[in-house]
Structure formats: C-alpha cells, structure tokens
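As structure tokens, the structure follows; a few thoughts come after it.
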Amino acid sequence: TSTGGPLYPKATETRDLRTLDGIWNFRKSPADPETGYKAGWFEQDLDKTGPVLQMPVPSSYNDVGEDVSLRDHVGVVWYDRRFFVPSWWSTTGQRVWLRFSSVHYATEVFINGKSVMYHEIGHLPFEAEITDFVTFNSSNLLTVVVDNTLLSDTVPQGVIKSVYVGPNKIRQEQQYTFDFYNYAGIHRTVFLYSTPQVYIDDVIVNTDIQGHTGFVVYNVTQKGAASDKVHCLIQLFDKNGTQVAAFNECAGLLEIGNANFWWPYLMHPNPGYLYTMKASLIGPQGETLDTYSQKIGIRTVTWSNTTIYLNEKPLYLKGFGMHEDSDLRGKGWDPVLWVKNFNLIKWLGANAFRTSHYPYAEEIYQLADEYGIMIIDECPSVDTDGFSDTLLAKHKQSLTELIRRDKNHPSVIMWSISNEPRSANKLADRYFGEVVRHVKSMDLSRPVTIAISAGASTDKSGRHLDVISFNRYNGWYANPGQTAQITNNVVEEATNWHRIHNKPVIMTEYGADTIAGLHLYPEYIWSEEYQCLLISEHFKAFDLLRKAGFFAGEFIWNFADFKTPQSITRVGGNKKGIFTRSRQPKAAAHHLRSRYHALATSD
Ligand code: GCB
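Read left to right, the sequence shown gives residues 578 to 1180 (this note's numbering).
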C-alpha cells in the first residue's frame, strides 16, 4: 500500500524531474478481473499479449473512444508504457521515485513485472521509491492496473448491479447516487523524479500575523540520515527574490516585519502575495544535501459563532461549486481548461469555490494561491451512507491524504468533510464526530464544514462542525417553476441553522438547470430567463441574511455544465452551469458577475 507524496514533485538544485505523460498502451480487462493477472499481462508489453488502444495520459479513458463499452466500462483496465531512468541518477547515487498525482479508483503499479504499490481512493497522490526496481542501462516496463468499481465501503460509495440482458447474459452495471460521471483512468500527471539519499520528506508551514508583522512557523522533516548529522537552512524570499528572513533549524519560527499578507482577490489591490520558502538540508561538512522550494502565503483564518475572518477581516465568500470536467478529457488534468477557468472566475468577480465533490489537481490549488482565490477543500465523500466502520476508516484516510497534500496552501481556508451525507440517520452523529476529531488532530488552523442537504431539525452532523453549509434547490427540485417563495425559504432556513447551532452559515448550493440558448418568457424552467430569475430571488435572500450578521457566503451550483450518469432528468448532463461545458456564458453568468463585482465595491 502506498500513500503520501506530500510534497509536489519539483526539480531543484538537488532533484531532477520528468513526467511520463503521453500516449500509453491500454486494454480493458474481460469481466473476470483476474484475467490479466493469470495471463501475466504485467510481465511483458501489453501489445505483445493482445490488442491495445492508444490512451492519452492524463485523461479519463471513458470519452476518447467510439465504443459505449469503453465509456461505461465497469471493473479493471490495464495501461502500460516503457521509460528510461537517466543513468546519471544512478552514478550520482540518487533515489528514484514514481508518483501518480491521481488515478481513479484503485490502482496497482508494476515495474518490470514486480508490484511496487497499491493505492485506493481517487483524486489523491501516491508514490513509491523504485530505485531497486529499475534498470539504468535499458528501458523499464511500467504497468498500471486500474479498477473503477465503487462499493458500499469505497469513498465515494456505489453498488454493482447485475442486469439481466438475455439468456445467459448478465451485464454488470455500476450504480451510484451522486450526480457526476464516475470517470476513471490515470487522471493526472505521472512524475518520475529523483532525490538525494538524504532528502526532505515534508515541509509543514503555518502562518500568523500581528499588526504588520508576519510569522511563519515551519517544520522540515528529512529521511535518510540520523537527525544529529544534518541541519537545515531555511530562507524566505519575497516576490523580487530578496531574502527577507532565514534560520538554521529544521523547525522554527520566521518573523517578517512589514510583511505582505496573502489577501483574496478583490479584497486587496495586491491579492495572492506569495513568498518563496527554500529549505536546504546541510550535511556535517556544510555541504548541501537536498533543497526544496515552495511558495507560501502569510495569512490567518479564524472564526466566531457568526463570522469567518481572513487576516482578522470578516469574509464574505462569493463563488460556486465546480467540477473537474470537460469534453473528451473527462476528469483529466488540463492546464488550458484551468487557466481559462481562473480567468472566468476573475471575470466574474468571485473570490472562492468549493472543490465539489473531491480533491482537485494540485496545480489548481497553486493557481488559486497565485490568484487569491479561496478554496473550500472537499474530500471525496459524497452522499455518505451506511456509516460502517470500514467506511469510516477509509473516509478518515482520504482526509489524512488530503490534509497532508494541501496543508500549506493559503488558498485553502476550510475543509469540507462530506457533501450531502445522509445526516438525518442517527449513526451520522458518532460517525461525523469521529471524522471531525480526526481532522482536528491534523489541522486546527481551518474550520470544518459539511455541505448538508438534510433539514436543520433532522440533521445530526451540524453540532460537530465549525461552519454550517447547506444545499437547497428552492424553485427547482422543490416547487419547480415557482419563484415567489424562494427568498423567504432561504432566509428562514439559514436563520434556523444559525439559531440551532450558533455558527456561521453558508449556502453551498442553489441553482437551476438551463439549456444555453433556450429562451422562454415569462420565465419557464430550463430557460436562461428562469435561471436569472431564480438566482435573483436568492440574491434578495442573501442581502437580507448579510444584514442579519451570521451569513458568510453564497455558492451557486454550478460553475459550468458537466457530465452525469444517464437519467431522464439530465439533458446531456447537469446543466446548472452558469457557463456551458465549453465555458461560454449563459445570461446568468452576466447577472452573477454584476452582483459579485458590486459586492466587492460595497465591502
Ligand atoms: C446536489 C448535489 C450536486 C448535484 C446537484 C444537482 O445537491 O450536491 O452534486 O449536482 O444537487 O444539480 O442536482
């Protein structure tokens, strides 16, 4: 089993890096998942053991073919490719590492026919040191076996149904209750990288502010040497590359007078200010053993029973739920898509989004740090149900990996530990108590929330949270076509949540499916006019709630249209986007934009 890879791989003075992205060989397994194992597909090139497809990495495999059995495949698929490791990595005594930034859902990795790691849960990185498995004077075979099956104890959960399709013919169908397509495959970059023998394993950063002074509390951990044989040099550089602080302990405190704090977009003329923190491991002779640099932002997040504060200023979050989703690529990491997304986020005047309903690619958090966009970081637990102990263990594991990965991002201001769990179930009380305790044991610096769909009077999870978030579809699932009651309902429900829990409240979802280009007036569901009207009625509620003093943010559902399983309530997918799937604005995008910009000037 493999977890971790807490540090995003980087080339530095002491480390080299390449990616194994590109076109790989690919084959679906027959229904029996053991087939490939029994036939030894991991011991030779896939194209020698049968026909292969050409498969891009990173990408979901589902939508690149013309074959419904590829799109809807349930179970195991095989990938392979060959790669070289530079011989000088060996002559200089470097360790060789292989890191997958995300593969969905369960993965076993072989190198030259030997199993080197297994990882479960999509959307999170895993890595292994493979120095002893590779050869340096010839190519190496890398085989990846991926299983997309979701069951009652996977995160997220699903169920496999056997569907009778004729005599002796059964089709296995993956069913799940969540509302996005269960895309699968090698979704993010595959890194091959080197570190020295003695290497920096992790860097933990926390920041604080006092007046104009910034503080960076850090801890650099190393592996490969006795701790009395090495020390650290920590240097902090500002945007111009000027060193503003330094210290020679592996754990310590840096003080930066007149610091540039990290501010969100539109809350400050210079949002997203990042320093570069360089950590070096120094050996007994004063030699540099390893270095690792990362960008950090100096900011605080605090909260009371009514308000969330950033750098001691009250926050009002304006954003949306998103998805990693696009045409052809599915959930494959795509820098073009995401730079475009961030440009649209700025165009809208938004300052936040929720990584609904799973952790996004690390590069997205790096962009959010740079742009000053705040993130509610959600783990992959959606529609959480059953609340078994095995599920609880995996749910905690997903948060362990998430927090280890994202702990240093200034953009991450809150953890969301679930979306729409069945929290009226009495088992949800103990379950979420445990999950929150687990998060708090790892990070006390950020509030914890759940995007709740249960009603305030039946929900059992809210008492464990710092911030109450709720999803509600007034004028859509409830009373479709009727907008007159929306404002009242939203005000009442938010007020009720606050009255019961005495905590800040956020609306994390509201919205209406809308077919771009469908115009119906007077407003009629599915039209652009209806989406505008529905959100206007919500805006009235938000303005009233802001005056009430406990309302901390509004998140429309969704940023863009996205793919879902096939259903008669979905036209080519979920159409609640304010942008189409190709990121063109519907009328609601313009409408939301004028609100978010106006809120920025009034703040
Ligand atoms: C929800 C879910 C979200 C769905 C949305 C909808 O409550 O959290 O994943 O896509 O409703 O549009 O039905």
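The beta carbon of each residue, even a glycine, is placed where N, CA and C say it ideally should be.
Between residue i and residue j, what straight-line distance do the alpha-carbon atoms span, to the nearest angstrom?
{"i": "I1112", "j": "I1063", "result": "9 Å"}
{"i": "V780", "j": "I875", "result": "15 Å"}
{"i": "G849", "j": "L718", "result": "42 Å"}
{"i": "N945", "j": "L851", "result": "Contrary to the premise, residue 945 reads as Ala rather than Asn in this sequence. Those two C-alpha atoms are separated by around 11 Å."}
{"i": "H1075", "j": "V740", "result": "46 Å"}
{"i": "H1096", "j": "A1166", "result": "15 Å"}
{"i": "T580", "j": "F677", "result": "In this prediction, T580 scores a pLDDT of 48, lower than 50, which makes its location untrustworthy; no coordinate-derived value is stated."}
{"i": "N835", "j": "S1179", "result": "27 Å"}
{"i": "M899", "j": "L810", "result": "40 Å"}
{"i": "N1065", "j": "E611", "result": "57 Å"}
{"i": "R1023", "j": "W618", "result": "46 Å"}
{"i": "Y893", "j": "A1129", "result": "5 Å"}
{"i": "T1060", "j": "S1000", "result": "27 Å"}
{"i": "D815", "j": "T784", "result": "15 Å"}
{"i": "E901", "j": "L1169", "result": "21 Å"}
{"i": "N1002", "j": "L969", "result": "15 Å"}
{"i": "A588", "j": "A705", "result": "17 Å"}
{"i": "A802", "j": "S857", "result": "14 Å"}
{"i": "K1017", "j": "I980", "result": "11 Å"}
Any idea if residue i is buried or exposed, counting beta-carbon neighbours within 10 angstroms, 16 or more meaning buried?
{"i": "R592", "result": "buried"}
{"i": "T578", "result": "Confidence at T578 is low in this model, with a pLDDT of 48, below 50, so its placement is unreliable and no value can be given for it."}
{"i": "T668", "result": "exposed"}
{"i": "H789", "result": "exposed"}
{"i": "S1171", "result": "exposed"}
{"i": "A608", "result": "exposed"}
{"i": "L905", "result": "exposed"}
{"i": "L976", "result": "buried"}
{"i": "R1007", "result": "exposed"}
{"i": "I600", "result": "exposed"}
{"i": "Y1054", "result": "exposed"}
{"i": "P744", "result": "exposed"}
{"i": "A1137", "result": "buried"}
{"i": "W666", "result": "buried"}
{"i": "K984", "result": "buried"}
{"i": "L701", "result": "buried"}
{"i": "T1146", "result": "exposed"}
From this set, the options, which residue's C-alpha is nearest residue i's C-alpha?
{"i": "V1246", "options": "S988, V989, L1042, S1022", "result": "This structure cannot settle anything about residue 1246, because the visible part of the chain is limited to 578 through 1180."}
{"i": "A1177", "options": "L968, R1040, S637, H845", "result": "H845"}
{"i": "G949", "options": "H934, E706, F930", "result": "F930"}
{"i": "R982", "options": "L969, I600, Q943", "result": "Q943"}
{"i": "V916", "options": "I941, F703, L892", "result": "I941"}
{"i": "S716", "options": "K1163, N825, G898, D622", "result": "D622"}
{"i": "V794", "options": "R765, I873, P1081, R748", "result": "I873"}
{"i": "L597", "options": "L979, M694, V721, P610", "result": "V721"}
{"i": "V797", "options": "E750, M854, C1109, A927", "result": "M854"}
{"i": "Y1087", "options": "A1071, Y935, A803, P1162", "result": "A1071"}
{"i": "G699", "options": "T1060, Y935, I811, I885", "result": "Y935"}
{"i": "Q774", "options": "V1082, Q671, N602", "result": "Q671"}
{"i": "F703", "options": "G1126, I763, R658", "result": "I763"}
{"i": "N1135", "options": "E939, Q787, F660, D1090", "result": "D1090"}
{"i": "P1081", "options": "V1067, F1127, L1121", "result": "F1127"}
{"i": "Y1050", "options": "V742, A938, F1139, I1133", "result": "I1133"}
Please check if any C-beta of chain B sits within less than 9 Å of the C-beta of residue i.
{"i": "V1025", "result": "Checking the listed chains, one finds no chain B in this structure; it contains a single protein chain."}
What are the residues that DSSP puts in a beta bridge with residue i?
{"i": "E1131", "result": "K895, M1084"}
{"i": "D657", "result": "N602, T720"}
{"i": "I952", "result": "F930, V989"}
{"i": "G829", "result": "Y795"}
{"i": "R592", "result": "T589"}
{"i": "L630", "result": "F603"}
{"i": "P1162", "result": "F1156"}
{"i": "Y935", "result": "Beta-bridge pairing links Y935 to no other residue."}
{"i": "K890", "result": "L887"}
Across the segment 1105-1119 and the segment 877-887, are there enough close Cβ pairs to call them in contact, namely three or more that are closer than 8 Å? no
Touching by the beta-carbon criterion (3+ pairs, under 8 Å), the segment 1098-1105 and the segment 1155-1162: no
Could you check whether the segment 912-928 touches the segment 953-965, counting it as contact only if at least three pairs of C-beta atoms, one from each stretch, sit closer than 8 Å? no
Count the C-beta pairs between the segment 654-667 and the segment 744-760 that are closer than 8 Å, then say yes if the count reaches three, no if not. no
Using 8 Å as the threshold, is the segment 823-837 in touch with the segment 862-870, meaning 3 or more CB pairs across them? no
Three or more C-beta pairs under 8 Å: does that hold for the segment 1026-1034 against the segment 983-1001? yes
Does the segment 703-716 come close enough to the segment 728-738 to have 3 or more Cβ pairs within less than 8 Å? no
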